[in-house]
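Take the first sequence: its position 398, counted from the start at 1, is 822 in my numbering, and no numbers get skipped. Virtual Cβ for every residue (Gly too), placed ideally from N, Cα, C.
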Amino acid sequence: MRTALFDWLLARKTGGEFILRIEDTDRSRYVPTAVDDLYASLRWLGLDWDEGPDVGGPHAPYVQSERLDLYQAAAAHLIASGNAYECFCTPERLDEMRNRQRELKQPTGYDGRCRSEEGRAEAKREAGADARHVVRFLMPDAGETNVLDLLRGEVSFQNARLDDSVLLKSDGFPTYHLAVAVDDHEMAISHVIRAEEWLPSAPLHKLVFEALGYELPNFVHVSRILGSDRAKLSKRHGAQSVLEYRDQGYLPDAVFNFLGLLGWSLDDKTEVISRDEFVQHFSIERLIKSPAVFDLEKLNWMNGHYLRSLPPEDVTGLLKEWLERPEAAGGLPDQVERPLDFDYTLRLVPLVRERVKLLSEARDMMAFFYLPDGVEPDPTMLLGKAFAGEPRRAADLLSEALVLAEGVEDWTAASLEAAYRALAEQQGVRAGDLFMLIRVATTGRSVAPPLFETMELVGRERCVLRLRLAINLL
RNA sequence: GCCCCCAUCGUCUAGGGGACUAGGACGCCACCCUUUCAAGGUGGAGACAGGGGUUCGAAUCCCCUUGGGGGCACCA
């Protein structure tokens, strides 16, 4: 997704087209839902495409499994021009060959048996009646191939070290190497931005393009993203799909910003960059060549930052959608009536947004605002450090607090604070201790937004009720 | 085993011969603010992997070493 983001930025910056092509040429790994997840991921991040399977375009179809005739024709053309040959070697033989090479500490690679007429005949005989074949590229034995990478400059490879790679598999499907050459040409691709693991096969691609008489696109091999252990980010190494980040309460803008800064920078100080600014300033020259370690802490910070700086109405909408989900799906307790009141939630946002980094954290922080009745505080928590072993004292104080709650003239944070500060002084108790007692009684939590704003928003009725219940608890 | 890429604070990065006592951000520490928790403010610790060159002058250019990453499939 980070690579796609760079692709998208380049397209938007230069007025080009961002084309979505589905590369599904490996039937053994085909997962039907994968494409839907891909769409959902791109959409969530706001990476819209100009051409693709669902929106169509002048180069349809955009799904490789629907373009097989094109690849097969290209393969035939390569054979005819002497740039490729049929290979009848069985997978078993190739496995054995590789194992032997590894054992002997030799470079691995195809030995070229089927390059010759005799070799092919021998392989065919071994394979038996149901002999199937692949098409391999005939790699030159000498010379070197220089690939121009817009980020890294010229990278040169000795052809002798390069393998006769398979271009067309025995099931008639192309490998990536053939398919991209054909499609990049057919679809008039100008820039190929892909991760650096493709760099070693770039010379092959260049030679395939040339053998087919195609013009070469521009290549940019961006660095990888590493896990915190510096190994490649994978399912087992803390990698998550963007959909999982979405489900954990990250904001698309924050993830976009964070990803955009992983391998690219605007200048020496800017961290928070809007989508528009990214588009405006993106350039291949400022991409970074070295791999970047994915720092979840920074993503979390950035998410919190976006939560705090977005317009309150936007945050309210986000929050409301989240809280209204079923309890089992991360929403408020099911007893809370849906839909939530927008204006009430809007009033809570300033108090809550400073205290959460993820949308998913808001539920626990906010539930007591929505719960209709009591909050069932734990008695130990209620007494806290200040009143541990002194339940009578705590109960007395809460009773005084209850009287004030019932009697205070206007139910505002300011007058509540004045009343309770006076009470603390009169009772000879530290204000903070009294406030904590009331906080736990009215919210059920020892960590909550500032007490008096909180009480104002919880309302007199429920505060009175909750104070009463707390007293009974002691 | 062979090939390729990369190398500045723990992490993301600025830097493309003199502006560098190497800047910013996350994280960390301290202080301030403070009714809890945050947020915010101020300050601090913290890096040019090593060795050779080139140059009047190297974080910046070249080479070697080391380290890290990737590739060597009828996967992409």
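A819 counts as buried, since at least 16 other C-beta atoms from the protein chains shown sit within 10 angstroms of its C-beta. Membership of C887 in the alpha helix (DSSP H) is indicated by the continuous run 884 to 897.
By the 16-neighbour rule on beta-carbons within 10 angstroms, Y730 is buried. Inter-residue distance for V760 and D797 is about 10 Å (C-alpha atoms, whole angstroms). As the crow flies, the alpha-carbon of A605 is around 14 Å from that of F597.
At a Cβ-Cβ threshold of 8 Å, A547 and C513 count as neighbours. Two segments are said to touch when three or more pairs of C-beta atoms, one from each, lie closer than 8 Å; by this definition the region 718 to 735 touches the region 682 to 695.
DSSP places S580 inside the beta strand (DSSP E), whose first and last residues are 577 to 582. Between L528 and Y486, the gap from beta carbon to beta carbon reaches 8 Å or more. The Cβ neighbour count for T427, taken over all protein chains shown within 10 Å, is at least 16; the residue is labelled buried.
Shortest Cα-Cα distance from S452 to any of R537, S839, T599, E542 involves T599. Here DSSP, grouped into helix, strand and coil, assigns W688 to strand.
Around the CB of Y794, 16 or more other CB atoms lie within 10 Å, so the residue is classed as buried. Rounded to the nearest angstrom, the gap between the Cα atoms of Y463 and D478 is 10 Å.
Assignment of beta strand (DSSP E) within the region 541 to 602, counting only whole runs of 3 or more residues, yields 558 to 561, 568 to 573, 577 to 582, 590 to 592 in chain order. Our two residues, E745 and N642, have alpha carbons roughly 43 Å apart in a direct line. If you check the CB distance, L840 and E778 do not come in under 8 Å. Using a C-beta cut-off of 8 Å, the region 885 to 895 makes contact with the region 820 to 839, since at least three inter-stretch Cβ pairs fall below that distance.
For the set A810, R863, A619, L572, the Cα lying nearest the Cα of A716 is the one of A619. Secondary structure at C538: helix, using DSSP grouped into helix, strand and coil. In the three-state reduction of the DSSP assignment, I697 falls in the coil class, being assigned neither a helical nor a strand state.
Judged by DSSP in its simplified three-state form, H501 adopts helix. A direct Cα-to-Cα measurement between S594 and R576 gives close to 36 Å.
Within the DSSP secondary-structure output, I649 pairs in a beta bridge with A716.
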